[in-house]
Amino acid sequence: DISDRKQAEEALRKAHDELEIRVQERTAELSRINESLQAEISDRKLAEEALRMSQHFIQQITDTTPTLLYIYDLHQDCNVYANRQTETFLGYTQPEIQAKGSQFLADVLHPDDLQRLAEYTARLIVAKDGEVIEKEYRMKSAKGEWHWFQAREVVFTRNSQGEPEQLLGTSVDITELKQAEELCLALEKEKELSQLQRRFFSMVSHEFRTPISSILVSAQSLEQSYERWSKSKITKNLQRIQSCARHTINLLEDIFTITKAETGKLEVSTRLLDLGKFCHSLVEDVQLIFGNICKISFVSQCNCQKTYLDEKLLRSILENLLTNAIKYSPPGSNINFSLSCARGQAIFQIRDEGIGIPPEDLPHLFEPFRRGKNVENIPGTGLGITVVKKCLDVQKGIILLDSKLGVGTTVTVIIPHR
Numbered sequence: 022d023i024s025d026r027k028q029a030e031e032a033l034r035k036a037h038d039e040l041e042i043r044v045q046e047r048t049a050e051l052s053r054i055n056e057s058l059q060a061e062i063s064d065r066k067l068a069e070e071a072l073r074m075s076q077h078f079i080q081q082i083t084d085t086t087p088t089l090l091y092i093y094d095l096h097q098d099c100n101v102y103a104n105r106q107t108e109t110f111l112g113y114t115q116p117e118i119q120a121k122g123s124q125f126l127a128d129v130l131h132p133d134d135l136q137r138l139a140e141y142t143a144r145l146i147v148a149k150d151g152e153v154i155e156k157e158y159r160m161k162s163a164k165g166e167w168h169w170f171q172a173r174e175v176v177f178t179r180n181s182q183g184e185p186e187q188l189l190g191t192s193v194d195i196t197e198l199k200q201a202e203e204l205c206l207a208l209e210k211e212k213e214l215s216q217l218q219r220r221f222f223s224m225v226s227h228e229f230r231t232p233i234s235s236i237l238v239s240a241q242s243l244e245q246s247y248e249r250w251s252k253s254k255i256t257k258n259l260q261r262i263q264s265c266a267r268h269t270i271n272l273l274e275d276i277f278t279i280t281k282a283e284t285g286k287l288e289v290s291t292r293l294l295d296l297g298k299f300c301h302s303l304v305e306d307v308q309l310i311f312g313n314i315c316k317i318s319f320v321s322q323c324n325c326q327k328t329y330l331d332e333k334l335l336r337s338i339l340e341n342l343l344t345n346a347i348k349y350s351p352p353g354s355n356i357n358f359s360l361s362c363a364r365g366q367a368i369f370q371i372r373d374e375g376i377g378i379p380p381e382d383l384p385h386l387f388e389p390f391r392r393g394k395n396v397e398n399i400p401g402t403g404l405g406i407t408v409v410k411k412c413l414d415v416q417k418g419i420i421l422l423d424s425k426l427g428v429g430t431t432v433t434v435i436i437p438h439r
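22 is the number of the first residue of the sequence shown in the working numbering; add one for each residue after it.
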C-alpha cells in the first residue's frame with residue numbers, strides 16, 4: 022500500500038510539474054500573442070491616424086485651393102463632391118447643391134452654355150485616361166450675378182465596360198479676365214471709331230472743299246467776265262459748276278447710303294428694268310463724265326429679260342465700280358463690262374487693266390474711308406466700294422474680286438432677281 026501510495030504521489034507530482042510547465046508555456050505564448058496584438062493595435066492606430074491626417078490634409082488642400090474642385094457623376098447628372106469654393110464663388114451651400122441634384126446645373130448654367138453641354142459631354146465620353154478637356158461657361162450666383170469659369174476635366178472613374186462614370190474637374194473664375202477682354206475690345210472699337218472719324222473729317226474737308234472751291238471760282242469768273250466771254254467759254258464754266266455740284270451730291274449720297282445701311286434703314290424698292298438698256302445708258306453717263314480717259318466696252322449676252330431690281334441701288338453699285346475702274350487704270354486702257362443672267366440671278370462683271378489691289382488690303386476693302394496703300398496719289402474718298410457692299414447686302418447679293426498688282430482687277434457682282 023505504501024508502495025502504491027508513493028507511486029501515486031510520484032505520478033501526481035509529475036502531472037503537477039507537467040501541468041505547471043504547460044501553464045508556463047501557455048502563459049508565455051499568451052504573453053507573446055498579447056504583445057503581438059498590442060503591437061498590431063498600435064500599428065493600426067498609427068495607420069488610422071496617418072489616414073486621418075492624410076484625409077485632413079487633402080480636405081484642407083481642396084478647401085483652401087482658389088479653384089473649384091468637383092467630381093461630376095455622368096449617370097446622376099450632378100456633382101457628387103464639390104469643395105467650399107463653390108459656396109465662396111457662387112454662394113450656394115453643399116446641402117443646397119445636393120438638394121437640387123441634376124436640376125442645379127439647369128438652374129445656374131447660362132442658357133447658351135447649357136445648349137452646348139451635350140456636345141461637350143460627348144467629347145468627354147470618348148476621352149482617353151489623362152486627357153484634359155477644357156471649356157468656358159457662365160454660371161449664375163445666388164445673388165443673380167453671372168460669373169465666367171474656365172474648367173479642366175478628366176475621366177475619374179469608369180464602369181466595367183470602360184465607359185466614363187465620373188469626371189474630376191477644376192474650375193477657375195475668369196470673370197475679371199473676361200471683363201478686361203471686353204474692355205480692351207471696347208477700347209479698340211473706340212480707337213477705330215476715333216480713327217474713322219479723323220479719316221471722315223479729313224475726307225470731307227478735302228473732297229468737299231475742292232468742288233465747292235471750283236464752283237466758287239467759276240461763279241466768280243462768270244460774274245466778273247460774263248459780258249466779255251464767248252458763249253462756249255460760258256458754257257464750259259457752267260458745265261464745270263454742274264460737274265462739281267454733281268460730284269458733291271454723289272458724295273453726299275454715298276454718305277447717306279452708308280448711314281442708312283448702318284442704321285437698318287436702307288430699303289429695297291424694285292421696279293421692272295430692262296437691264297441691257299439700263300447698262301447701256303449707265304455706260305454713256307459715266308463716259309460723259311470722264312470723257313475718253315478709258316474706253317468702256319459693254320457686252321450683254323442678251324439672255325436677260327426685263328426683271329425686277331432696285332434701279333437706284335443698282336446704279337449706285339455699277340456707277341461706283343465703273344468709276345473705280347477708270348480712276349485706277351492708266352489713260353487709254355480698256356474696261357470690259359459684261360451682263361448675263363442665269364438661274365434667277367443677274368451677273369455683272371467689270372474687268373480693268375489698272376494698278377490692282379495689294380493682297381494685304383483685301384481684308385479691309387469694304388471698310389469705309391479705307392484706301393489701298395498704292396492709291397495715295399489718286400483722289401478718292403474710300404467710300405465707293407463700301408457703298409457697293411452695303412447696296413448688295415440689302416439685296417442679298419454678293420461681290421467677288423480677282424486682283425493682281427500691275428495687271429488689273431475683275432469684279433463680279435451677282436444679284437438675285439425675279
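Beta carbons: idealized from backbone N, C-alpha and C, even for Gly. Note that the structure is predicted; figures quoted are calculated from it, not measured.
Neighbour-count burial assignment, residue i, 16 or more Cβ in a 10 Å radius
i	result
residue 96	exposed
residue 247	exposed
residue 147	exposed
residue 392	buried
residue 323	exposed
residue 49	exposed
residue 87	exposed
residue 12	Absent from the model: residue 12. The displayed extent of the chain is 22 to 439, so no value can be given.
residue 153	exposed
residue 101	exposed
residue 167	exposed
residue 44	exposed
residue 214	exposed
residue 132	exposed
residue 212	exposed
residue 394	exposed
residue 62	exposed
residue 345	buried
residue 407	buried
residue 182	exposed
residue 24	exposed
residue 103	buried
residue 60	exposed
residue 253	exposed
Proximity winner among the options, relative to residue i (alpha-carbon distances)
i	options	result
residue 439	427, 328, 361 and 332	328
residue 434	200, 115 and 340	340
residue 125	51, 139, 133 and 162	162
residue 378	431, 200, 24 and 71	431
residue 92	175, 234 and 239	175
residue 139	127, 149 and 150	127
residue 362	396, 69, 436 and 160	436
residue 155	145, 149 and 208	145
residue 366	51, 66 and 330	330
residue 134	172, 158, 417 and 115	158
residue 348	405, 321 and 252	405
residue 267	233, 253 and 242	233
residue 94	83, 241 and 177	177
residue 274	412, 425 and 325	412
residue 199	170, 55 and 141	170
residue 186	143, 40 and 165	143
residue 184	173, 172 and 149	149
residue 90	35, 70 and 115	115
For residue j and residue i, believed in contact at Cβ under 8 Å, the rounded distance
i	j	result
residue 360	residue 297	7 Å
residue 118	residue 107	7 Å
residue 343	residue 317	7 Å
residue 236	residue 255	15 Å between Cβ atoms; not a contact.
residue 282	residue 415	7 Å
residue 272	residue 278	Residue 272 to residue 278, Cβ: 11 Å. No contact.
residue 280	residue 229	So it is not a contact: roughly 16 Å between Cβ atoms.
residue 65	residue 84	28 Å between Cβ atoms; not a contact.
residue 111	residue 160	6 Å
Residue i beta carbon near the ligand MN (any heavy atom closer than 7 Å)
i	result
residue 215	What this structure holds is no ligand at all, so the ligand MN is not there to describe.
Original post:
Can you give, in chain order, each stretch of the beta strand (DSSP E) that sits fully within the stretch 282-306 and has at least 3 residues?
Top reply: 292-294
Original post:
Taking three-plus beta-carbon pairs below 8 Å as touching, is the stretch 341-355 in contact with the stretch 371-389?
Top reply: yes
Original post:
Do the stretch 296-309 and the stretch 380-392 make contact, defined as three or more Cβ pairs closer than 8 Å?
Top reply: Touching, no.
Original post:
Counting only runs that start and end within the stretch 169-201, where is the beta strand (DSSP E) found for 3 or more residues in a row?
Top reply: 185-194
**OP:** Return the chain-ordered ranges of every alpha helix (DSSP H) run that is complete within the stretch 57-118 and spans a minimum of 4 residues.
**Re:** 106-111
Original post:
Between the stretch 204-212 and the stretch 180-194, are three or more C-beta pairs nearer than 8 Å?
Top reply: Too few Cβ pairs lie closer than 8 Å, so no.
**OP:** Please confirm if the stretch 309-320 is in contact with the stretch 413-422, defined as three or more CB-CB distances below 8 Å between the two stretches.
**Re:** no
Subject >> Three-pair Cβ contact test at 8 Å for the stretch 277-295 versus the stretch 332-342 >> reply: yes
**OP:** Note down, one range per segment and in chain order, each beta strand (DSSP E) of at least 3 residues found wholly within the stretch 363-392.
**Re:** 366-372
Original post:
Hey, which unbroken runs of the alpha helix (DSSP H) at 4 residues or more fall wholly within the stretch 25-58?
Top reply: none
**OP:** Any chance you could list the alpha helix (DSSP H) runs of at least 4 consecutive residues sitting entirely within the stretch 221-268, in chain order?
**Re:** Here no run is fully enclosed.
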